[in-house]
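Residue numbers (full-length UniProt numbering): 1 to 204.
As structure tokens, then:
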């Protein structure tokens, strides 16, 4: 079966309840690094503190893999072949940090924005059986980033909301929605970086 960009039946909401945001408890993240368990995710890995170069490399690689899968006659076989290659890749970005295709760059984008990604799923949009009904990334986010994240979600036409667990979920109604979100984040952060560089020194 060939790949096609699927549409998911999910309402797009773009609001974050700052008062309901959860924060990791003291020592919780350190323990999660050792156990691989955090907020219900039994395959947690620490992807906090990543930078713009990580985002750019991950996004480029993800788009490359998606192009490869979209051209394949057998999506499942092509996806399995990519999974088999992951361990041989020289950098984490090249193997998409072990994340699902379609949500990897979005996960890194949230990290660059100061969030702590907790879980993600591509809903099986690029092969395999997955538990979620739509693509998403869940993360702890700093309260002072809430407004910026809502603005970015609106520009990318993706959803963002606070769950009952206090985690923020960025989600999409198509397989490529969160790739688009990552592209918007990269573009806006590059623009901000350029503006800072072009500002004259104080007192000039």
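Cβ coordinates follow ideal geometry from the N, Cα and C atoms, glycine included.
Pairwise C-alpha distance: residue j and residue i
| i | j | result |
| --- | --- | --- |
| residue 133 | residue 91 | 30 Å |
| residue 118 | residue 165 | 12 Å |
| residue 162 | residue 136 | 12 Å |
| residue 48 | residue 182 | 16 Å |
| residue 71 | residue 3 | 8 Å |
| residue 184 | residue 84 | 30 Å |
| residue 178 | residue 81 | 23 Å |
| residue 69 | residue 101 | 10 Å |
Residue i in three-state terms, based on DSSP
| i | result |
| --- | --- |
| residue 91 | coil |
| residue 164 | coil |
| residue 48 | coil |
Exposure of residue i, with buried meaning 16 or more beta-carbon neighbours within 10 Å
| i | result |
| --- | --- |
| residue 98 | exposed |
| residue 159 | buried |
| residue 19 | exposed |
| residue 144 | exposed |
| residue 7 | exposed |
| residue 138 | buried |
| residue 103 | buried |
| residue 203 | Below a pLDDT of 50, predicted positions are generally treated as unreliable, and residue 203, at 48, falls in that range; the measurement from the model is reported next regardless. Exposed, by the Cβ-count rule. |
| residue 62 | buried |
| residue 120 | buried |
Nearest neighbour of residue i, chosen from the options [CA to CA]
| i | options | result |
| --- | --- | --- |
| residue 157 | 142, 147, 193, 180 | 180 |
| residue 14 | 27, 182, 193, 170 | 170 |
| residue 167 | 111, 56, 23 | 23 |
| residue 106 | 53, 45, 59, 16 | 59 |
| residue 16 | 187, 73, 184, 141 | 141 |
| residue 50 | 68, 111, 62, 148 | 111 |
| residue 1 | 54, 78, 11 | 78 |
Residue interval of the beta strand (DSSP E) (run including residue i)
| i | result |
| --- | --- |
| residue 119 | 116-121 |
| residue 140 | 136-140 |
First through last residue of the alpha helix (DSSP H) which encompasses residue i
| i | result |
| --- | --- |
| residue 19 | From DSSP, residue 19 is part of no alpha helix (DSSP H); its letter is neither H nor E. |
| residue 108 | 104-112 |
| residue 151 | 146-156 |
Below-7 Å beta-carbon distance, residue i vs any chain D residue
| i | result |
| --- | --- |
| residue 70 | Of the protein chains in the structure, only one exists, and it is not chain D. |
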